[in-house]
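Okay, so here's the structure we're looking at.
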Amino acid sequence: MRGLRDFTAPKGSTIFQPGQPCPGFVILSEGTIRVTLAGASGREVVLYRVRPGEVCLQTLSCLIKDQAYGADGVAETDLSGYIVPANEFRSKLAEDAEFRDMLMLSVSSRFSEYQQLIEDIALTNFDARLAKVLIRLASPDGKVPATHSELASETASGRAYVSRRLAELARQGLVEQHKDGVVILDEKALEHVAAGER
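The working numbering puts the sequence shown at residues 7 to 204.
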(Lines of atoms letter the chains of each structure in order from A and count residues from 1; the text may use other names and numbers.)
(Lines give C-alpha, C1' and ligand atoms only; values in the text may rest on other atoms or scores of the structure.)
Protein backbone atom coordinates (compact mmCIF):
# COMPACT_ATOMS: atom_id res chain seq x y z
CA MET A 1 0.00 0.00 0.00
CA ARG A 2 1.20 3.52 -0.78
CA GLY A 3 2.24 6.08 1.85
CA LEU A 4 3.60 3.62 4.41
CA ARG A 5 6.81 3.85 6.44
CA ASP A 6 8.58 1.01 8.21
CA PHE A 7 7.83 0.59 11.93
CA THR A 8 9.63 -1.55 14.53
CA ALA A 9 9.67 -1.63 18.34
CA PRO A 10 11.20 -4.04 20.89
CA LYS A 11 9.22 -6.07 23.42
CA GLY A 12 8.30 -4.03 26.50
CA SER A 13 8.47 -0.64 24.82
CA THR A 14 5.70 1.92 25.31
CA ILE A 15 3.98 2.53 21.99
CA PHE A 16 1.64 5.22 23.33
CA GLN A 17 0.38 6.62 26.64
CA PRO A 18 -2.32 9.02 27.88
CA GLY A 19 -1.81 12.61 26.76
CA GLN A 20 0.57 11.71 23.94
CA PRO A 21 -0.31 12.88 20.42
CA CYS A 22 -0.74 10.17 17.82
CA PRO A 23 2.17 10.00 15.35
CA GLY A 24 0.27 7.83 12.88
CA PHE A 25 -1.66 4.65 12.19
CA VAL A 26 0.31 1.44 12.80
CA ILE A 27 -0.27 -1.64 10.65
CA LEU A 28 1.40 -4.64 12.30
CA SER A 29 3.08 -7.42 10.33
CA GLU A 30 4.39 -9.17 13.44
CA GLY A 31 3.81 -8.89 17.18
CA THR A 32 1.19 -7.84 19.70
CA ILE A 33 0.37 -4.55 21.41
CA ARG A 34 -1.53 -4.71 24.74
CA VAL A 35 -3.85 -1.72 25.26
CA THR A 36 -4.81 -0.92 28.87
CA LEU A 37 -6.75 1.72 30.75
CA ALA A 38 -5.77 2.77 34.29
CA GLY A 39 -8.12 4.40 36.80
CA ALA A 40 -7.33 7.03 39.41
CA SER A 41 -7.09 4.22 41.97
CA GLY A 42 -4.24 2.64 40.02
CA ARG A 43 -6.31 -0.36 38.95
CA GLU A 44 -5.83 -1.34 35.35
CA VAL A 45 -7.95 -3.19 32.82
CA VAL A 46 -6.85 -4.73 29.52
CA LEU A 47 -9.11 -3.28 26.82
CA TYR A 48 -7.81 -5.36 23.92
CA ARG A 49 -4.72 -6.52 22.06
CA VAL A 50 -3.68 -5.43 18.59
CA ARG A 51 -2.26 -8.16 16.35
CA PRO A 52 -1.48 -8.27 12.62
CA GLY A 53 -4.59 -7.43 10.63
CA GLU A 54 -6.28 -5.71 13.59
CA VAL A 55 -6.95 -2.04 14.28
CA CYS A 56 -6.20 -0.05 17.44
CA LEU A 57 -9.39 1.85 18.27
CA GLN A 58 -7.42 4.28 20.46
CA THR A 59 -5.25 5.25 17.51
CA LEU A 60 -8.18 5.45 15.12
CA SER A 61 -10.12 7.69 17.51
CA CYS A 62 -7.11 9.96 18.06
CA LEU A 63 -6.52 10.39 14.33
CA ILE A 64 -10.16 11.01 13.45
CA LYS A 65 -10.82 13.41 16.35
CA ASP A 66 -7.32 14.93 16.31
CA GLN A 67 -6.87 14.32 20.04
CA ALA A 68 -4.31 12.73 22.37
CA TYR A 69 -4.28 9.13 23.53
CA GLY A 70 -6.37 8.18 26.57
CA ALA A 71 -4.89 4.72 27.23
CA ASP A 72 -1.56 2.89 27.31
CA GLY A 73 -0.17 0.68 24.56
CA VAL A 74 2.79 -1.59 25.30
CA ALA A 75 4.60 -4.04 23.02
CA GLU A 76 4.00 -7.55 24.40
CA THR A 77 6.44 -8.90 21.81
CA ASP A 78 8.90 -7.43 19.32
CA LEU A 79 6.91 -5.50 16.73
CA SER A 80 7.35 -4.87 13.03
CA GLY A 81 5.08 -3.38 10.43
CA TYR A 82 4.25 -0.07 8.85
CA ILE A 83 2.93 3.31 9.89
CA VAL A 84 0.72 5.77 8.04
CA PRO A 85 1.86 9.22 9.26
CA ALA A 86 -0.88 11.23 10.98
CA ASN A 87 -0.77 13.99 8.36
CA GLU A 88 -1.39 11.43 5.58
CA PHE A 89 -4.02 9.30 7.32
CA ARG A 90 -7.18 11.12 6.15
CA SER A 91 -6.11 11.30 2.52
CA LYS A 92 -5.13 7.61 2.56
CA LEU A 93 -8.50 6.74 4.09
CA ALA A 94 -10.29 8.69 1.34
CA GLU A 95 -8.17 7.57 -1.62
CA ASP A 96 -7.02 4.01 -0.84
CA ALA A 97 -9.92 1.55 -1.11
CA GLU A 98 -7.79 -1.41 0.05
CA PHE A 99 -6.74 0.46 3.20
CA ARG A 100 -10.30 1.67 3.85
CA ASP A 101 -11.78 -1.83 3.47
CA MET A 102 -9.14 -3.31 5.81
CA LEU A 103 -9.91 -0.61 8.38
CA MET A 104 -13.69 -1.07 8.27
CA LEU A 105 -13.49 -4.86 8.53
CA SER A 106 -11.11 -4.60 11.49
CA VAL A 107 -13.28 -2.01 13.27
CA SER A 108 -16.28 -4.33 12.90
CA SER A 109 -14.33 -7.21 14.47
CA ARG A 110 -13.05 -4.97 17.27
CA PHE A 111 -16.60 -3.82 18.06
CA SER A 112 -17.64 -7.46 18.50
CA GLU A 113 -14.74 -7.90 20.94
CA TYR A 114 -15.94 -4.89 22.93
CA GLN A 115 -19.42 -6.35 23.12
CA GLN A 116 -17.91 -9.56 24.49
CA LEU A 117 -15.83 -7.61 27.03
CA ILE A 118 -18.90 -5.78 28.31
CA GLU A 119 -20.87 -9.02 28.46
CA ASP A 120 -18.07 -10.73 30.38
CA ILE A 121 -17.74 -7.91 32.92
CA ALA A 122 -21.44 -7.15 33.38
CA LEU A 123 -23.15 -10.50 32.84
CA THR A 124 -20.62 -13.28 33.51
CA ASN A 125 -19.67 -14.54 36.97
CA PHE A 126 -16.08 -13.94 37.96
CA ASP A 127 -14.91 -17.54 38.01
CA ALA A 128 -16.07 -17.98 34.40
CA ARG A 129 -14.27 -14.77 33.43
CA LEU A 130 -11.07 -15.88 35.16
CA ALA A 131 -11.24 -19.34 33.58
CA LYS A 132 -11.63 -17.81 30.10
CA VAL A 133 -8.57 -15.64 30.64
CA LEU A 134 -6.48 -18.56 31.92
CA ILE A 135 -7.41 -20.67 28.90
CA ARG A 136 -6.74 -17.79 26.48
CA LEU A 137 -3.32 -16.97 27.96
CA ALA A 138 -2.14 -20.56 28.41
CA SER A 139 0.67 -21.99 26.32
CA PRO A 140 0.15 -25.41 24.68
CA ASP A 141 1.55 -27.11 27.79
CA GLY A 142 -0.96 -25.32 30.05
CA LYS A 143 1.36 -22.71 31.56
CA VAL A 144 0.01 -19.20 32.16
CA PRO A 145 2.97 -16.86 32.74
CA ALA A 146 0.99 -14.11 34.46
CA THR A 147 1.08 -12.61 37.95
CA HIS A 148 -2.05 -12.13 40.04
CA SER A 149 -1.86 -8.40 39.25
CA GLU A 150 -1.72 -9.12 35.52
CA LEU A 151 -4.68 -11.49 35.80
CA ALA A 152 -6.56 -8.75 37.68
CA SER A 153 -5.98 -6.41 34.73
CA GLU A 154 -7.14 -9.08 32.31
CA THR A 155 -10.36 -9.68 34.28
CA ALA A 156 -11.10 -6.06 35.32
CA SER A 157 -10.93 -6.92 39.01
CA GLY A 158 -8.72 -6.58 42.06
CA ARG A 159 -5.56 -8.59 42.71
CA ALA A 160 -6.74 -9.84 46.12
CA TYR A 161 -9.95 -11.23 44.62
CA VAL A 162 -8.01 -12.97 41.83
CA SER A 163 -5.76 -14.55 44.47
CA ARG A 164 -8.75 -15.88 46.42
CA ARG A 165 -10.45 -17.36 43.36
CA LEU A 166 -7.21 -18.91 42.08
CA ALA A 167 -6.76 -20.52 45.50
CA GLU A 168 -10.26 -22.00 45.18
CA LEU A 169 -9.57 -23.30 41.66
CA ALA A 170 -6.35 -24.83 43.00
CA ARG A 171 -8.25 -26.44 45.88
CA GLN A 172 -10.57 -28.04 43.32
CA GLY A 173 -7.55 -29.41 41.44
CA LEU A 174 -8.11 -27.34 38.29
CA VAL A 175 -4.92 -25.27 38.49
CA GLU A 176 -1.63 -25.15 40.35
CA GLN A 177 0.01 -21.90 41.41
CA HIS A 178 3.72 -21.21 40.99
CA LYS A 179 5.96 -18.20 41.54
CA ASP A 180 6.12 -17.53 37.81
CA GLY A 181 2.43 -18.05 37.06
CA VAL A 182 -0.29 -20.68 36.96
CA VAL A 183 -0.41 -24.16 35.44
CA ILE A 184 -3.72 -25.59 34.22
CA LEU A 185 -4.12 -29.14 35.52
CA ASP A 186 -7.62 -29.94 34.25
CA GLU A 187 -8.41 -27.99 31.10
CA LYS A 188 -11.71 -29.79 30.48
CA ALA A 189 -13.02 -28.87 33.94
CA LEU A 190 -11.75 -25.29 33.51
CA GLU A 191 -13.64 -25.07 30.21
CA HIS A 192 -16.82 -26.02 32.10
CA VAL A 193 -16.13 -23.19 34.55
CA ALA A 194 -15.56 -20.80 31.65
CA ALA A 195 -18.91 -21.83 30.18
CA GLY A 196 -20.62 -21.16 33.53
CA GLU A 197 -21.44 -24.83 33.98
CA ARG A 198 -19.99 -25.19 37.48
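Note that CB positions come from ideal geometry on N, CA and C, so glycine has one too. Remember, it's a predicted structure, so these values are computed and weren't measured experimentally.
**OP:** Flag this pair as yes or no: are the beta carbons of Phe22 and Tyr75 separated by less than 9 Å?
**Re:** Yes. Within cutoff.
Subject >> For Ala81, the three-state DSSP class (helix, strand or coil) >> reply: Note: Ala81 maps to strand in three-state DSSP.
Subject >> Own chain partners of Gly202 with C-beta closer than 6 Å, once the 5 adjacent residues on each side are dropped >> reply: Here the set comprises Ala134.
Original post:
At what residue ranges does the region 27-58 contain a whole run of the beta strand (DSSP E), taking only runs of 3 or more?
Top reply: Secondary structure in the region 27-58: the beta strand (DSSP E) runs of 3 residues or longer, each lying completely within the stretch, are 30-36, 39-44, 50-56 in chain order.
Subject >> Nearest neighbour of Ala46, chosen from Ala77, Asp72, Ile70 [CA to CA] >> reply: Closest option to Ala46, Cα to Cα, is Ala77.
Subject >> beta strand (DSSP E) runs contained entirely in the region 111-193, provided each spans 3 or more residues >> reply: If only complete runs of 3 or more residues are kept, the region 111-193 shows the beta strand (DSSP E) at 181-184, 187-190, in order along the chain.
**OP:** Would you kindly report the start and end of the unbroken alpha helix (DSSP H) that includes Ala201?
**Re:** Neither: Ala201 is in no alpha helix (DSSP H) and is coded neither H nor E.
Original post:
Exposed or buried, which one is Val199 when buried takes at least 16 other CB atoms within 10 Å?
Top reply: So Val199 counts as buried.
Original post:
If we count the other Cβ atoms within 10 Å of its Cβ and call it buried at 16 or more, is Thr20 buried or exposed?
Top reply: Burial call: exposed.
Original post:
Buried or exposed: Arg40, going by 16 or more other Cβ atoms within 10 Å of its Cβ?
Top reply: Its Cβ being crowded by 16 or more others within 10 Å, Arg40 is buried.
Original post:
Quick one: what does DSSP say Asp102 is sitting in, helix, strand or coil?
Top reply: It is coil, neither helix nor strand.
**OP:** Tell me whether the beta-carbon of Lys138 lies closer than 9 Å to the beta-carbon of Ile190.
**Re:** Note that the C-beta distance between Lys138 and Ile190 is not below 9 Å.
**OP:** Could you check how far apart the C-beta atoms of Asp186 and Pro151 are, in whole angstroms? I think they sit under 8 Å.
**Re:** With a beta-carbon spacing of about 6 Å, Asp186 and Pro151 fall inside the 8 Å limit used to define contacts.
**OP:** Assess, as a yes-or-no matter, whether the region 88-98 is touched by the region 24-38 under the definition of 3 or more beta carbon pairs within less than 8 Å.
**Re:** With three or more CB-CB distances shorter than 8 Å, the region 24-38 counts as touching the region 88-98.
Original post:
Under a Cβ-count criterion, where at least 16 other Cβ atoms within 10 Å of its own Cβ denotes burial, should Gln73 be classed as buried or exposed?
Top reply: Looking at its Cβ environment, which holds fewer than 16 other Cβ atoms inside 10 Å, Gln73 is exposed.
Original post:
Considering only residues of the same chain and omitting the five flanking positions on each side of Leu10, which have a CB-CB separation below 8 Å?
Top reply: Ile33, Tyr88, Ile89, Val90, listed in sequence order.
Subject >> Cα-Cα separation between Ala128 and Gln121, rounded to whole angstroms >> reply: The straight-line gap from Cα to Cα measures roughly 10 Å.
Original post:
Can you pull the DSSP bridge partners for Thr20?
Top reply: BP columns for Thr20 point to Val80.
**OP:** Quick one: give me the first and last residue of the beta strand (DSSP E) that Asp72 is part of.
**Re:** Taken as a continuous stretch (DSSP letters only), Asp72 belongs to no beta strand (DSSP E), as it is neither H nor E.
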